[in-house]
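Participant:
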Amino acid sequence: MSVNRLRSALVVAGAATALLIGAAGVAPAASAAACPSRSLCLYEGTNFTGDMFPVTSLNPSGTCVSLVDHGWGDRAHSAVNTHNNSAAMFMNDDCIGGPYQVPGKSSLPNFGSFTPESVWVPFS
Numbered sequence: 444m445s446v447n448r449l450r451s452a453l454v455v456a457g458a459a460t461a462l463l464i465g466a467a468g469v470a471p472a473a474s475a476a477a478c479p480s481r482s483l484c485l486y487e488g489t490n491f492t493g494d495m496f497p498v499t500s501l502n503p504s505g506t507c508v509s510l511v512d513h514g515w516g517d518r519a520h521s522a523v524n525t526h527n528n529s530a531a532m533f534m535n536d537d538c539i540g541g542p543y544q545v546p547g548k549s550s551l552p553n554f555g556s557f558t559p560e561s562v563w564v565p566f567s
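The opening residue of the sequence shown carries number 444 in our numbering; numbering runs sequentially from there.
1) Check whether the region 485-502 touches the region 545-555, taking contact to mean three or more Cβ pairs, one atom from each stretch, closer than 8 Å.
2) Beta-carbon separation of residue 496 and residue 519 under 9 Å?
3) Take residue 485 as the anchor and find which of 515, 529, 501 has the nearest alpha-carbon.
4) Just to confirm the assignment, what range does the beta strand (DSSP E) spanning residue 531 have?
5) What residue range does the beta strand (DSSP E) around residue 477 cover?
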């Protein structure tokens, strides 16, 4: 193989690698888009990265969900609320105390030091 062909092959390989790395950077947006409608989706990482835990209420008055009971205590660091109504997160396991609101049709990319132990979600 000539030196020019080798250089061309390396340039093409480098460009393909750059495209793959660039595509991997789009994953957080795709993850947030994967949240089912009328749900509160909690993400393990900030900016909607990592594992996702979707929460939806089947109870007409809404429901409290213990994140601890589902293995998600202290794990959530960002959220997407695809419901029209607000959801609420709590630092305890039973939805009591001052809530951290997640307004309807909104997202929170980073909770800071807040770590929810339970969430209240409206009816679907």
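Glycine included, every Cβ here is placed at the ideal spot set by N, Cα and C. As the structure is a computational prediction, the values presented were derived from the model and not from experiment.
Facilitator: Taking the definition as stated:
1) Cβ pair count under 8 Å is three or more, so yes.
2) It is a contact, given that the beta carbons lie within the stated cut-off.
3) Among 515, 529, 501, the Cα nearest to that of residue 485 belongs to 515.
4) Unbroken beta strand (DSSP E) run through residue 531: 530-533.
5) For residue 477, there is no enclosing beta strand (DSSP E), as DSSP marks it with neither H nor E.
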